[in-house]
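Numbering (our numbering), first residue to last: 919 to 1333.
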């Protein structure tokens, strides 16, 4: 009998646990309502004209959406998380590399998010920051502990609230600026190049996009998985960039909650801030725990508690130090998703044996080497680092797999 706490962390999601379009869309929109995307939007808004901003956001989300949609197709076909899919490409123990990188990243973001919630609320309410950190950590850990069902319920409440209140605030900001024409007429003092702007846009959420399978594995069909992912990235992520850009141009502040504070919308600001960070943080903790469950074999719900405690206890330290790792993460994480995509579509040709029937290598050094090459390309080659990482890792994994005769042996069964 299946344990009531299970979220199928070590197995495929069965047909009777799969979800429909609207539930998946709510979860994916909550996932893409990400504060770091607002920061990125603020940077873009201050360095680009409105027309170039729209072009960069469209192109950046085209890359992010396409990358995430391919992963979404894999997840909805197999019912597997990012970490279990990694076993096919990296090997049973080789998959610990992506699980550790992705899991550690998400625990870090959880701690950062708890403080991002606590500090503005402390200013607005006067409640001690420490108590707000504890309360935020407990609540966000609770929904991750309860699993996908709790993520879905929270997202169904949070997404409409953030959408309505955020757009209300942006409308007020545009009116204060003198209308869209006045906003469009603003020229940046320090222009960004298109390469830097695209790198900022793509890099802001490429780590999150890599974790798409952790949520889309619950989709009833690949059509639902892919469509909800594309809508979430084009709508949700674009909204976050727009919120950040308008706030930066009008109020010199990219966080929509801070903009709302400046507009005197104190209660809506606290509501939007709390819901926005909550939907991101419980998803981050949920995904991190799936990764560490893959490494340890422990049930996800116990790892959620451990990760939640660690993220909450070290929240202030993570807030002050973790963001410095973002350049590393934008180089280290994109090759993982590229290798998963290359392995499934181009090496195994869309045919993975069922999880319980697959014979995994312990470590697939081809995948590990392709990851290292992608990481190096992001740091050493000119251009857009996340794209360099994706293209290099994908090409090397495919070429090396075929050169070593692995492709024919990998495509052994339909799934």
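We treat Cβ as the ideally placed atom computed from N, Cα and C, and that holds for glycine.
Secondary structure of residue 1267 (DSSP, three-state): coil. Secondary structure note for residue 975: its alpha helix (DSSP H) is the uninterrupted segment 968-996.
Assignment of alpha helix (DSSP H) within the stretch 1123-1178, counting only whole runs of 4 or more residues, yields 1124-1128, 1131-1134, 1140-1149, 1156-1169 in chain order. Contact annotation: residue 1084 and residue 1190 have beta-carbon atoms nearer than 8 Å. Residue 1063 and residue 1235 have their C-alpha atoms roughly 24 Å apart. Within the same chain, 925, 927, 1207, 1208, 1211 come within 7 Å of residue 1218 by CB-CB distance, once the 5 residues on both sides are set aside. DSSP places residue 937 in the strand class (E or B) of the three-state scheme. A check of alpha carbon separations from residue 1310 across 1321, 1323, 1289 identifies 1289 as the nearest. Taking C-beta atoms under 8 Å as the contact rule, residue 1299 and residue 1306 qualify, at a distance of about 5 Å. With a cutoff of 8 Å on beta-carbon distance, residue 982 and residue 1124 are scored as near each other. Spanning the alpha carbons of residue 1066 and residue 967 requires a straight line of approximately 40 Å. Distance between residue 970 and residue 948, taken at the CA atoms: about 27 Å. For residue 924, there is no enclosing alpha helix (DSSP H), as DSSP gives it neither H nor E. Exposed is the label assigned to residue 1049, since fewer than 16 other Cβ atoms lie within 10 Å of its Cβ. For the pair of segments examined, the stretch 1067-1075 was found not to touch the stretch 1090-1101: the number of CB pairs separated by less than 8 Å stays below three.
Residue nearest to residue 1276 within the set 1239, 996, 1091 is 996 (criterion: CA-CA distance).
Looking from the CA of residue 957, the closest CA among 1176, 1006, 1128, 944 belongs to 1176.
For residue 1216 and residue 1018, the gap between their C-alpha atoms comes out near 15 Å.
Annotated three-state conformation of residue 964 is helix, per DSSP. In this structure, the CA atom of residue 974 is about 6 Å from the CA atom of residue 1116. Contact between residue 1055 and residue 941 is absent: CB atoms are separated by about 26 Å, not below the 8 Å threshold. With contacts defined as CB atoms closer than 8 Å, residue 1271 and residue 1131 fail to qualify as a contacting pair. Remark: C-beta atoms of residue 938 and residue 1120 do not approach each other more closely than 8 Å. With fewer than 16 neighbouring CB atoms inside 10 Å of its own CB, residue 1041 falls in the exposed class.
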